[in-house]
Amino acid sequence: MMSPKDLERARWLLGPWLIGGFLDVFFQGILYCQFARYAARYQQDRLGLKIAVLILAILTTLKTIHSFALVWIQFIDFFTDLDGAIGLSYTAWWQSGSPLIIATLDLYVQVFFVRRLYHISGRRWWVAVPIAVILAFAYAAMCIATYYITVGVSATPLMAPWFAAHFGSVVGGDICMTLAMTFFLVRTRREVLPQTVGLFTALIRLTWLTAAPATVCAILNISLSQAWPGTERLLSTTFGMILPKLYAMSMMWTLNARLDIREHSNKNTSGQIVIPDSRNIPLRPTHGSASERIQVQMSTETTRQTDFIEVSDMFGNVHATDETLATKPTFLIGEKV
1 MMSPKDLERA RWLLGPWLIG GFLDVFFQGI LYCQFARYAA RYQQDRLGLK IAVLILAILT
61 TLKTIHSFAL VWIQFIDFFT DLDGAIGLSY TAWWQSGSPL IIATLDLYVQ VFFVRRLYHI
121 SGRRWWVAVP IAVILAFAYA AMCIATYYIT VGVSATPLMA PWFAAHFGSV VGGDICMTLA
181 MTFFLVRTRR EVLPQTVGLF TALIRLTWLT AAPATVCAIL NISLSQAWPG TERLLSTTFG
241 MILPKLYAMS MMWTLNARLD IREHSNKNTS GQIVIPDSRN IPLRPTHGSA SERIQVQMST
301 ETTRQTDFIE VSDMFGNVHA TDETLATKPT FLIGEKV
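Reminder that position 89 of the sequence shown reads as 89 in full-length UniProt numbering, one-by-one numbering, no gaps.
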């Protein structure tokens with residue numbers, strides 16, 4: 001029978017690992033559904049994107065195995081050794097290195113979104129590079145914090161600032177990236193053809209919906225890690241363990257939403273006739289008054305190809321016909337009012 005003091009230690013120093021491990025496995029099940037959906041619907045994606053998704057599937061699976069093994073060792077192998085189970089956070093590489101493993105998986109997904117920002121911004125490197133530097137600093141800070149973890153409890157005062165630097169940089173980088181994506185999507189929406197406005201509105205909504213879970217989790221992580229020292233309560237551990245899964249879910253949500261957004265956009269524009277052609281075809285009315293004539297508006301590659309190129313660049317092409325369609329003049333035919 002544990003004393004009240006030992007029970008308190010077990011609750012706050014071991015409990016978060018257990019909860020985080022369960023949530024890790026639960027979210028991995030959701031990810032497997034997302035991976036299966038991607039494999040079924042996006043067989044025409046380019047090879048590089050398929051490899052990126054495959055690597056993500058492998059990394060998240062390994063992370064789940066790591067979490068399961070960590071919880072098993074803590075709660076089964078050290079079932080009767082409370083001090084030994086708590087001490088694993090400083091003495092066992094698989095547990096002391098857990099924050100660095102988490103940060104590595106976070107960084108992998110963040111690279112995907114930085115690349116997406118680069119394409120959305122019109123390939124402006126000076127937009128993406130500062131955010132990439134912030135996220136790289138966050139990873140470096142976690143490397144230093146992990147080193148102090150291996151030193152032991154005595155290094156906790158040196159460890160805390162680096163954890164704060166890591167979590168703060170992650171939150172700042174995520175917020176800046178979301179705002180930058182929104183800015184360029186809104187600006188592009190003002191320049192595209194009317195029937196494409198709904199597509200970019202959906203992309204703006206998707207940007208915020210996919211960014212929210214991971215950003216909120218990171219904010220809770222930094223708040224709890226600074227509210228209580230690691231020697232008293234490890235509440236931030238739970239949010240740290242699930243953060244990479246939320247990042248991975250955001251990436252897969254973004255990729256899997258492409259066809260749904262495009263199909264929805266096509267339904268909204270089904271009332272217009274779009275004829276891709278490489279020739280200028282003069283149309284002359286054969287009968288009827290001037291008010292009933294058909295108006296032809298030509299959209300050329302140099303003025304409106306943004307509608308197609310921006311969307312295909314930010315995700316990777318969904319179908320090979322997207323780029324072909326973007327390079328041909330497009331005639332929009334509708335009645336003159």
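Don't be surprised by glycine CBs; every beta carbon is placed ideally from N, CA and C.
If you draw a straight line from the alpha carbon of Arg37 to that of Ile30, how long is it in whole angstroms?
If you take the alpha carbons of Arg37 and Ile30, they lie about 11 Å apart.
Considering only the beta carbon of each residue, do Met241 and Ile86 sit closer than 9 Å?
Not closer than 9 Å, so no.
How is the alpha helix (DSSP H) around Phe113 delimited, first residue to last?
Here the alpha helix (DSSP H) through Phe113 covers Ser98 to Ile120.
Could you spell out the range, first to last residue, of the alpha helix (DSSP H) harbouring Ala155?
Note, Ala155: premise wrong, no alpha helix (DSSP H); not H, not E.
Measure the alpha-carbon distance for Ala160 versus Ala211 and round it to whole angstroms.
Roughly 26 Å between the two C-alpha positions.
Where do the N-terminal and C-terminal ends of the alpha helix (DSSP H) with Ile73 fall, by residue?
Where Ile73 is concerned, there is no enclosing alpha helix (DSSP H), given that its DSSP letter is neither H nor E.
Since I believe Gly20 is in contact with Thr237 (beta carbons under 8 Å), could you give me their beta-carbon distance rounded to a whole number of angstroms?
Their Cβ separation, rounded to whole angstroms, is 6 Å, which keeps Thr237 and Gly20 in contact under 8 Å.
For Leu107 and Val197, what's the separation of their Cα atoms in angstroms?
Going by the C-alpha atoms only, they are around 32 Å apart.
Confirm, please, whether the CB-CB distance from Tyr42 to Leu259 is below 9 Å.
Against a cut-off of 9 Å, the Cβ pair of Tyr42 and Leu259 comes out as a contact.
Short of 8 Å in beta carbon distance, which residues of its chain neighbour Thr178, apart from the five on each side in sequence? Order them along the chain.
Only Thr207, Trp208, Ala211 and Thr215 meet the Cβ criterion.
Extract the residue ranges of the alpha helix (DSSP H) inside the segment 7–65, only unbroken runs of 4 or more that lie entirely within it.
As far as the segment 7–65 is concerned, its whole alpha helix (DSSP H) runs of at least 4 residues are 15–41.
Relative to the alpha-carbon of Met181, which residue among Phe137, Phe113, Gln195 and Tyr247 has its alpha-carbon at the smallest distance?
Closest by alpha carbon: Phe113.
Measure from the alpha carbon of Leu7 to the alpha carbon of each residue in Gln195, Lys63, Asp81 and Phe183, then state which is nearest.
Of Gln195, Lys63, Asp81 and Phe183, the residue nearest in Cα terms is Asp81.
Given a threshold of 16 other Cβ atoms within 10 Å of its Cβ, counted over all protein chains shown, does Gly48 qualify as buried or as exposed?
With fewer than 16 other Cβ atoms within 10 Å, it is exposed.
With a threshold of 8 Å (Cβ to nearest heavy atom), would Ala180 be considered close to the ligand NAD?
The ligand NAD is not among the ligands present in this structure, which contains no ligands whatsoever.
Could you check what DSSP says for Asp174 in three-state terms: helix, strand or coil?
Residue state, collapsed to three classes: helix.
Assuming Ala227 is part of the alpha helix (DSSP H), what are its boundary residues?
Residues Val197 to Ala227.
Note down the Cα distance separating Arg284 from Arg189, rounded to an integer number of angstroms.
Confidence is the limiting factor: at Arg284 the pLDDT is only 47, short of 50, which leaves the residue's position unreliable, though a coordinate-based value still follows. Distance between the alpha carbons of Arg284 and Arg189: 33 Å.
Put Glu263 into one of helix, strand or coil per three-state DSSP.
The answer is helix: DSSP assigns Glu263 an H, G or I state.
What does the Cβ neighbour count give for Asn221, buried or exposed, with the cut at 16 atoms within 10 Å?
Flag for Asn221 reads buried.
Comparing alpha-carbon positions, which option in Leu100, Leu117, Leu23 and Val186 lies nearest Asp174?
Answer by Cα proximity: Leu117.
What does the alpha-carbon distance come out to for the pair Thr201 and Trp253?
One C-alpha to the other measures close to 17 Å.
Would you mind sorting Arg46 into buried or exposed? The rule is 16 or more other CB atoms within 10 Å of its CB.
Exposed, since its Cβ has fewer than 16 Cβ neighbours within 10 Å.
Can at least three beta-carbon pairs, one atom from the segment 132–140 and one from the segment 88–95, be found at a separation below 8 Å?
They do not touch, by the three-pair rule.
Just to confirm, is the Cβ distance from Ile120 to Phe184 under 9 Å?
Cβ atoms of Ile120 and Phe184: closer than 9 Å.
Using alpha carbons as the reference points, say which of Ala145, Cys176 and Ser154 lies closest to Gly162.
The amino acid occupying residue 162 in the given sequence is Trp; Gly does not appear at that position. Among Ala145, Cys176 and Ser154, the Cα nearest to that of Trp162 belongs to Ala145.
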